[in-house]
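Engineer: Structure in structure tokens, see below.
2 protein chains.
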Amino acid sequence: MAATLQTIADELGVSRSTVSNAYSRPDQLSPDLRARILATAERLGYSGPNPTARSLRRGKVNAIGVLLTDNLSMAFTDPYAVAYLQGLAEAASARETSLLLINLPTDDEAGRRVVSNAAVDAFCLYCVPDWHGALDLIRQRGVPIVIGEDPNAFGPDASYVGIDERAAARRLGEHIVSLGHRDIAVVAHWIVDGGVTGEVSADPDDLRYYVTGERVRGFRDAFTAAGLPWERVRLINAAANHREQGSAAAAHALDRHDRATAILCTSDVLALGVLDALGVRGLAPGRDVSVTGFDDIPDAEVHGLTTIRQPSVERGRLAGELLLDPPEDPAGRRLTLPVSLVVRATTGPNPTKEQS
Amino acid sequence: MAATLQTIADELGVSRSTVSNAYSRPDQLSPDLRARILATAERLGYSGPNPTARSLRRGKVNAIGVLLTDNLSMAFTDPYAVAYLQGLAEAASARETSLLLINLPTDDEAGRRVVSNAAVDAFCLYCVPDWHGALDLIRQRGVPIVIGEDPNAFGPDASYVGIDERAAARRLGEHIVSLGHRDIAVVAHWIVDGGVTGEVSADPDDLRYYVTGERVRGFRDAFTAAGLPWERVRLINAAANHREQGSAAAAHALDRHDRATAILCTSDVLALGVLDALGVRGLAPGRDVSVTGFDDIPDAEVHGLTTIRQPSVERGRLAGELLLDPPEDPAGRRLTLPVSLVVRATTGPNPTKEQS
DNA sequence: CCGACGTACTGTATCGGTCAAGAGGGATTT
DNA sequence: AAATCCCTCTTGACCGATACAGTACGTCGG
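Protein chains in written order, with my numbering: chain A, 1 to 356; chain B, 1001 to 1356.
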């Protein structure tokens, strides 16, 4: 039988409240008594106020729930995700709050139980399959929610911190067409659910994964504005947002006589894989083939990758702040952050055009 | 005023227990009444049984606390750590348990508060500074603990899942000396706290960070057994366990006339950085310079790195299982897992010896 | 000598559930 | 027809703390 506040109170002949105060409000009792209480607690092996009971009474648990899909490491191997979590953790930590990583099982029923039992003050939804049955439960929980991708995914009650994915992608596309490229491939992840890496034909207006969809649409915006029909663009699905998949996808753009002169990727990770593929083939990025990424992860600079810089850490930090200190003004709970085009060495003028 | 079980009970004129049963034990009441209860709950905007209250009563919160040092992303950018967490999450998820990432602030007082308030069933200690004041609190909490590095760090009450770091490192060292190498450099991370990357002289028996210490000692075991005095080995500190630091450290072994012919690293990440450095200098790994890593992260195979394979995911998984289903037998709570030497392309015979 | 005030502590309600034992009533057994 | 059983629901205790109002006592100014 573990010791509780009452055990100590009885032992010393004081009230439970006083023992509680010894821990939570040291100024409410004499230093002398407090010392005796702590000593007795130590002696009886009391482990300190029970966090659960305290949370119940206080109505606050000091935790933010972060929903992740089944494969945790998928989230952690994505540098963008790591940066986001870092920001979120910073904001949480500054408020003495922890992150509850909720691994959503594919089993719907178990998923609902896990979500129902999660003691959190708020939820951060982040790259979660929007068709999962547990999502309704989260909405019902009535706690603050922040989402990071599709601003419309959870209705207007949810906070949102994001970027204008489509406009950002358009800027990349414009950069590429302004360099004279016409033979363009787009490498995008998760165009097809559970699909394999390879060329696909898909309507950009009808992609399931929001981020990819917006980015692909942004590319198309730039192309069509430049008079380049979408049909001329080669769309290549990457089965996962991994560097290796980027390499594999690149093969479909490079190993053919009508080689693409520019490859636009929906993430830096994929773009790095594309660069690997170029290296293997002895092709020079920015000269023979132009490559762009998205996110500006730390490795992007190392490899001179032209990309869109988005404030990943900041995104996570703001998400945390929105959850823990919600602004009065509802408008302040939906933030679209600025991005910038970072032109580095992996993009250059269309080489075939120069020759003509 | 949010709805509770009582609100719904009053509304329908049933007892609170019955409403509770509607959620937690559907077989305890008629389907008809249950349907009515759920409908009323929905109508009143009831968010389901409060997880905190439920946890208090049940005495279980379905969460494992994972202690991390201040910089979260440090843990997530380390592939070994990611694998470990993946395993831990798998074990937890299988038991409908989540991971509470506790970001331990450098501020001692705040750290204690965060730890005290963390509602968890168990703690997983993992790469935590062992001098932090909050660690005592954790021990006091009286919940199961598993540690992953120094088996003696938390006393015999804590569970332990690890490998024999020293013996494993020794095998790498033996491999290298058996290839005839005599000019050896060791690249190790965190030899010096907050130090810079560069050559240092340090007593292997006196390194603060346990894992590095054991691995360096293992290297030395092999060297001295082969008659190679430790003084002949060049010890290079890497300021962080990052690929870039590996490259920077390698410079100290490569850019001099008495170039090392073998570089042993305390992690694969550092070794990959060393390989980068070789590449820049036009040196061939395994021919001009032999390089070894440690851990066998996924990228190791890609780069043909000779290394020690340890079951990282398994380590995390077992840690989780030990915490959630503790075996009766105390001996079963201290596991040392087997490792294997994986010889790939980055090690080969000493080239200078061949010439003579 | 009295009211005002501050300090140190107590008492009780409350947070929102779960659990074990029990009660009422219809169906089944003997 | 009495005994037994099961199904469905109720009762009351309990989980371990915190909040707030209140009490007792000492001190101080007037």
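Just so you know, even glycine gets a beta-carbon here, dropped at the ideal spot from N, CA and C. Computed from a prediction, not measured in an experiment: that's the story for all the values here.
(1) Should E214 of chain A be labelled buried (16 or more other beta-carbon atoms within 10 Å of its own) or exposed?
(2) Counting only the same chain and skipping the five closest in sequence on each side, list residues whose C-beta sits under 7 angstroms from that of T1106 of chain B.
(3) Tell me which residues share the same chain as V1037 of chain B and place their Cβ nearer than 7 angstroms to its Cβ, disregarding the 5 neighbours each side in the sequence.
(4) Alpha carbon to alpha carbon, how far is R1170 of chain B from G1218 of chain B? Give it in angstroms, no decimals.
(5) Using CA coordinates, which residue listed in A:R16, A:Y160 and A:R243 is at the minimum distance from A271 of chain A?
(6) Name, please, each residue of chain A whose Cβ falls closer than 8 angstroms to the Cβ of G1048 of chain B.
(7) Give the secondary structure of H1303 of chain B by DSSP, where H, G and I count as helix, E and B as strand, and everything else as coil.
(8) Output the boundary residues of the alpha helix (DSSP H) element that contains S178 of chain A.
(9) Would G133 of chain A be called buried (16 or more neighbouring beta carbons within 10 Å of its own) or exposed?
(10) What residues in the segment 1096-1121 of chain B bring their beta carbon closer than 7 angstroms to a beta carbon of chain A?
(11) Of the residues B:L1323, B:V1342 and B:R1232, which one's Cα is nearest the Cα of R1220 of chain B?
(12) Starting from the N-terminal side, write out each stretch of the alpha helix (DSSP H) that is 4 residues or longer and does not extend beyond the segment 1306-1336 of chain B.
(13) I1176 of chain B and T1347 of chain B - do their beta-carbons sit closer together than 8 angstroms?
(14) With a cut-off of 8 angstroms, do at least 3 Cβ pairs link the segment 1337-1345 of chain B to the segment 1111-1121 of chain B?
(15) Can you tell me whether DSSP reads H252 of chain A as helix, strand or coil?
(16) Give the C-beta separation of V187 of chain A and A277 of chain A to the nearest angstrom, bearing in mind that I take them to be a contact with Cβ-Cβ under 8 angstroms.
(17) Taking contact to mean at least 3 C-beta pairs separated by less than 8 angstroms, is the segment 29-44 of chain A in contact with the segment 92-102 of chain A?
(18) For S1168 of chain B, tell me which candidate among B:D1299, B:A1238 and B:D1295 has the shortest Cα-Cα distance.
(19) To the nearest angstrom, report how far apart N152 of chain A and I145 of chain A are at their CA atoms.
(20) I'd like the span of the beta strand (DSSP E) that includes G65 of chain A, first residue to last.
(21) With DSSP run on the structure shown, which of helix, strand or coil describes V211 of chain A?
(22) With a threshold of 8 angstroms between beta-carbons, can F76 of chain A be considered close to chain B, or not?
(23) By how many angstroms is the C-alpha of A1063 of chain B removed from the C-alpha of L104 of chain A?
(24) Terminal residues of the continuous alpha helix (DSSP H) containing T1106 of chain B?
(25) Rounded C-beta distance between A360 of chain A and S312 of chain A? I'm assuming under 8 angstroms.
(26) Which residues share a DSSP beta bridge with P1285 of chain B?
(27) Counting only beta-carbon atoms, is R1043 of chain B nearer than 8 angstroms to chain A?
(28) So which residues on chain A does A1063 of chain B lean against when the C-beta distance must stay under 7 angstroms?
(29) Going along chain B in order, which residues have a C-beta closer than 8 angstroms to the C-beta of A92 of chain A?
Structural biologist: Reading off the structure:
(1) Buried, since its Cβ has 16 or more Cβ neighbours within 10 Å.
(2) Around T1106 of chain B: D1070.
(3) Correcting the residue type first, residue 1037 of chain B is Ile in the shown sequence and not Val. Excluding sequence neighbours, I1037 of chain B sits near I1008, L1012, V1019 and A1022.
(4) Near 4 angstroms, if we compare the C-alpha coordinates of R1170 of chain B and G1218 of chain B.
(5) Minimum Cα-Cα distance from A271 of chain A among the listed residues A:R16, A:Y160 and A:R243 corresponds to A:R243.
(6) Using a Cβ-Cβ cut-off of 8 angstroms, G1048 of chain B is close to S116, L137, Q140 and R141 of chain A, given in chain order.
(7) H1303 of chain B: coil per DSSP, three-state reduction.
(8) Following the DSSP letters along the chain, one finds S178 of chain A inside the alpha helix (DSSP H) bounded by residues E165 to S178.
(9) Its Cβ having fewer than 16 others within 10 Å, G133 of chain A is exposed.
(10) Residues of the segment 1096-1121 of chain B with a Cβ closer than 7 angstroms to any Cβ of chain A, in chain order: E1096, S1098, L1099, L1100, L1101, I1102, N1103, P1105, A1110, R1113, V1114, S1116, N1117, A1118 and A1119.
(11) The residue among B:L1323, B:V1342 and B:R1232 with its C-alpha nearest the C-alpha of R1220 of chain B is B:R1232.
(12) 1312-1324, all fully within the segment 1306-1336 of chain B.
(13) Cβ distance < 8 angstroms, so T1347 of chain B and I1176 of chain B count as in contact.
(14) The segment 1337-1345 of chain B vs the segment 1111-1121 of chain B: no contact.
(15) The answer is helix: DSSP assigns H252 of chain A an H, G or I state.
(16) Their Cβ separation, rounded to whole angstroms, is 10 angstroms, which puts V187 of chain A and A277 of chain A out of contact at 8 angstroms.
(17) The segment 29-44 of chain A vs the segment 92-102 of chain A: no contact.
(18) Checking the sequence, you will find Ala at residue 1168 of chain B rather than Ser. Check the Cα spacing between A1168 of chain B and each of B:D1299, B:A1238 and B:D1295: the tightest is with B:D1295.
(19) Each residue's Cα considered, the two are about 13 angstroms apart.
(20) Bounds of the beta strand (DSSP E) holding G65 of chain A are A63 to L68.
(21) The answer is helix: DSSP assigns V211 of chain A an H, G or I state.
(22) Contact with chain B is found for F76 of chain A, since one of that chain's Cβ atoms lies less than 8 angstroms from the residue's Cβ.
(23) Per the coordinates, the alpha-carbon of L104 of chain A lies some 14 angstroms from the alpha-carbon of A1063 of chain B.
(24) Annotation: T1106 of chain B is outside any alpha helix (DSSP H) and is labelled neither H nor E by DSSP.
(25) Summary: the structure shown does not reach residue 360 of chain A, with chain A confined to residues 1 through 356, and so no result is reported for it.
(26) Its beta-bridge partners are B:V1289.
(27) Answer no: the Cβ-Cβ gap between R1043 of chain B and chain A never drops below 8 angstroms.
(28) Residues of chain A passing the Cβ test: L100.
(29) Residues of chain B passing the Cβ test: N1103.
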